[in-house]
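In the working numbering, the protein residues as written are 7 to 378.
Beta carbons: idealized from backbone N, C-alpha and C, even for Gly.
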């Protein structure tokens, strides 16, 4: 008869044999099956950022640090590509990025490459080559006319290139042109803007800093937050700031029907009009992401779309407040549209130094909707 000790030995032996067979039958992990995620650093992250930038998704500075902006860009790519939106760069995502980069249908030999310089915008680059900014967006598969950065390579189409025909919406709601020019600022001026307002803890301190330095700014309001904090929205307007539209739900609007997008915009405009007495004029889509339907809905509702220029120096920022201030002041230029997030401690910590630094460079501040 087997003792309990003998039975234990036999059980242990069986487990060891089972483990051996499982390991023998399991294929070895693919080489390079590294999964990059928020917080990772190194050359692999730098390659990921370069690939995302090449595909028109702005990952922030290509510095090898997997921060919030890189994760947002990655999630947007995964969503557009139809794969799991988890913000993780595993073998599947990296393989698709490489494949998409190699298969981009660009006739580069018929044109040439333009490297974006300081102060250049997609609009100014397009004008230089007698193109429209929409031509450059389509040819380079970009998603945002204001998201170009210094050092980015843009492919300039040759004379034989023709824009791809776009299927019109089935039930157009208006004949307003879809091509909306980027909003610009006054000469010698910088526009200060805040996304995701109002915030119950951060908006008031931000307003106090702006009041102290006699600076007016543009706040892009989320409709649901305005409904929850109407007094803050009213205070923003009463202090002379612009109150503009950042959608009602703050969900991604890409790949949605025109009517749904129009509802997001008009609902928020109505809420703001009820609070301040003024409907909105400008629209900034959530996350800065849009497609043709978003552009059409923006035009149909009588709004202009406006983005921002401080792509590698916005909040949330991967470094300290001092580094954020330095990054903004080193790259600010005449006509800059600076975006920071209401609800961010980094915004609050850096705002005063950013304002004084911009003034020291001789720039004034303007509201976006002051410009016709």
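* To do: For the stretch 230-237 and the stretch 276-290, state whether three or more C-beta atom pairs, one from each stretch, are separated by less than 8 Å.
  => yes
* To do: Output the distance between the C-alpha atoms of residue 83 and residue 55, rounded to the nearest integer angstrom.
  => 12 Å
* Asked: Could you give the residue range of the alpha helix (DSSP H) that holds residue 264?
  -> 264-282
* Along the beta strand (DSSP E) that carries residue 227, what are the first and last residues, could you check? => 224-227
* To do: May I ask you to verify whether the stretch 292-304 touches the stretch 92-104, counting CB pairs closer than 8 Å and requiring at least 3?
  => no
* Asked: Are the Cβ atoms of residue 226 and residue 209 separated by less than 8 Å?
  -> no
* **Beta-carbon proximity check, residue 252 vs residue 285, cutoff 8 Å** => no
* Do residue 311 and residue 201 have their C-beta atoms within less than 8 Å of each other? -> no
* **Nearest-angstrom Cβ-Cβ length linking residue 80 and residue 102, presumed shorter than 8 Å** => So it is not a contact: roughly 11 Å between Cβ atoms.
* To do: Could you please give the first and the last residue of the uninterrupted beta strand (DSSP E) stretch that includes residue 199?
  => 195-203
* **Continuous alpha helix (DSSP H) stretch holding residue 299: start and end** => 298-306
* Asked: So, using beta-carbon positions, are residue 328 and residue 288 closer together than 8 Å?
  -> no
* Asked: From residue 359 to residue 207, what distance separates their C-alpha atoms?
  -> 20 Å
* Asked: According to DSSP, is residue 370 helix, strand or coil?
  -> strand
* Residue of 326, 96, 246 minimising C-alpha distance to residue 372 -> 246
* Under 8 Å between C-beta atoms of residue 374 and residue 232 -> no
* Identity of the residues DSSP links to residue 347 by a beta bridge -> 201
* **Per-residue DSSP class, three states only, for residue 95** => strand
* **Euclidean distance between Cα positions of residue 295 and residue 315** => 14 Å
* Apply the 10 Å Cβ neighbour rule to residue 244 and answer buried if 16 or more other Cβ atoms are within range, or exposed otherwise. => exposed
* Asked: What do you reckon, are the CB atoms on residue 72 and residue 107 nearer than 8 Å?
  -> no
* Do you know offhand how far residue 282's Cα is from residue 69's? -> 43 Å
* Bounding residues of the alpha helix (DSSP H) (the contiguous stretch that carries residue 82) -> 74-87
* **Which residues DSSP lists as bridging residue 101, in chain order** => DSSP, once it has assigned bridges, lists no residue as partnering residue 101.
* Asked: In or out: residue 362 buried (at least 16 other Cβ within 10 Å) or exposed?
  -> exposed
* List the DSSP bridge partners of residue 250. => 226
* **Nearest-angstrom Cα separation, counted from residue 99 out to residue 52** => 15 Å
* Residue burial classification, residue 204 (beta-carbon count within 10 angstroms, cutoff 16) -> buried
* If you drop the 5 nearest sequence neighbours on each side, which residues of the same chain put their C-beta closer than 6 Å to that of residue 260? -> 295, 297
* Residue from 340, 104, 321 whose Cα sits closest to the Cα of residue 333 -> 321
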